[in-house]
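> Here's a structure for you.
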Amino acid sequence: MSTQPTYYKILGDDGVPYLGTDKWHLPKGKRPGKWMPVVENISMCRSGYHVVEAEHIADFLKYGYHIFEVEVRGDQLRSSNKLCVSQARLLRLLDWSESRARLFACDCAERALDLFGGEVDPRSREAIEVARRFARGEATLEELRAARDAAGDAAWAAARNAARDAARDAAWAAARNAAWDAAGDAAGAVERKWQTARLLDYLYGRVV
């Protein structure tokens, strides 16, 4: 027996999407929301209900802080990062908030530093830790701003060093480009998989 993939919808307050005018029926307790009306002749980005699979949730986080599991049925159209369907309903609200968004961003930033290779300016790691404490209500906005400014100084220093190294190594750049591009594509796929898994950990309450 085949199992339907899990789909998700990101909404603003009161079930209103960032793009579109149809207010979604919200779940009540453990009961899912009502099915939305059937849309005939669906068209990607024009008509129908647009939902995403887990690997593309992060692409749409800027559109709201309310993330729901969704059930779909009827006609379907698929693009590279979303699904358009003729009917859908919200199953349940997942555990997401501004503080969780900040913590997720900190996890991603810390992993990027770990993947950087070589020595990392301690101001960058300190900024991540202050941001985590701010997300948990344990640091002030002033502390966050100070850590951000210090990390910015560290980034400028790193950029200057990178520019110096690039000028020194320019003769080797053409020979390296193809190999770096291939490695970058593979690394990008690995990182998207990691970020998706980490985001789901937050959404389903597996981390606090």
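In the numbering used here, the protein residues as written are 4 to 211. C-beta: ideal position from N, C-alpha, C; glycine also.
Helix, strand or coil: which one does DSSP assign to VAL123?
Of the three classes helix, strand and coil, the one that applies to VAL123 here is coil, per DSSP.
> Tell me the DSSP bridge mates of LEU86?
For LEU86, which the question treats as bridged, DSSP gives the partners VAL54 and ARG81.
> The beta strand (DSSP E) that contains ILE13, what's its start and end?
Where ILE13 is concerned, the enclosing beta strand (DSSP E) stretches over 10 to 14.
> Buried or exposed for PHE71, going by 16 or more other Cβ atoms inside 10 Å?
With 16 or more other Cβ atoms within 10 Å, it is buried.
> Confirm, please, whether the CB-CB distance from ASP98 to GLY208 is below 8 Å.
A contact, by the Cβ cut-off of 8 Å.
> For LYS65, collect the residues of the same chain with a Cβ closer than 6 Å to its Cβ; drop the 5 residues on either side in sequence, then sort them by chain order.
For LYS65, where only same-chain residues beyond five positions count, there are no Cβ hits under 6 Å.
> Quick one: any contact between the segment 71 to 86 and the segment 51 to 58, if contact means 3 or more CB pairs under 8 Å?
The segment 71 to 86 is in contact with the segment 51 to 58.
> With 8 Å as the threshold, decide whether the Cβ of MET39 is near any Cβ in chain C.
No chain C appears in this structure, which consists of one protein chain only.
> I believe VAL73 touches LEU93 by the beta-carbon criterion, under 8 Å. Please report the beta-carbon distance rounded to the nearest angstrom.
Right, their Cβ atoms sit about 6 Å apart.
> Counting only the same chain and skipping the five closest in sequence on each side, list residues whose C-beta sits under 7 Å from that of ALA185.
The pLDDT assigned to ALA185 is 48, lower than 50, so where the model puts this residue is not dependable, and the model offers no usable value.
> Relative to the alpha-carbon of TRP38, which residue among ALA112, ARG151, ALA91 and LEU206 has its alpha-carbon at the smallest distance?
Cα-wise, what sits closest to TRP38 is ALA91.
> By how many angstroms is the C-alpha of PRO30 removed from the C-alpha of TYR10?
Those two C-alpha atoms are separated by around 15 Å.
> Within a Cβ cutoff of 7 Å, which residues of the same chain sit near GLY140, ignoring the five residues on either side of it in sequence?
Cβ neighbours of GLY140 beyond the five flanking positions: none.
> Checking 8 Å against the spacing of the C-beta atoms, do ALA138 and LEU106 come in under that value?
It is a contact, given that the beta carbons lie within the stated cut-off.
> Buried or exposed for GLY32, going by 16 or more other Cβ atoms inside 10 Å?
Answer is exposed; the Cβ neighbour count stays below 16.
> Alpha carbons only, please: which of LEU22, GLY77, SER50 and LYS196 is nearest the one belonging to ARG114?
When each option's Cα is compared against that of ARG114, the closest is LYS196.
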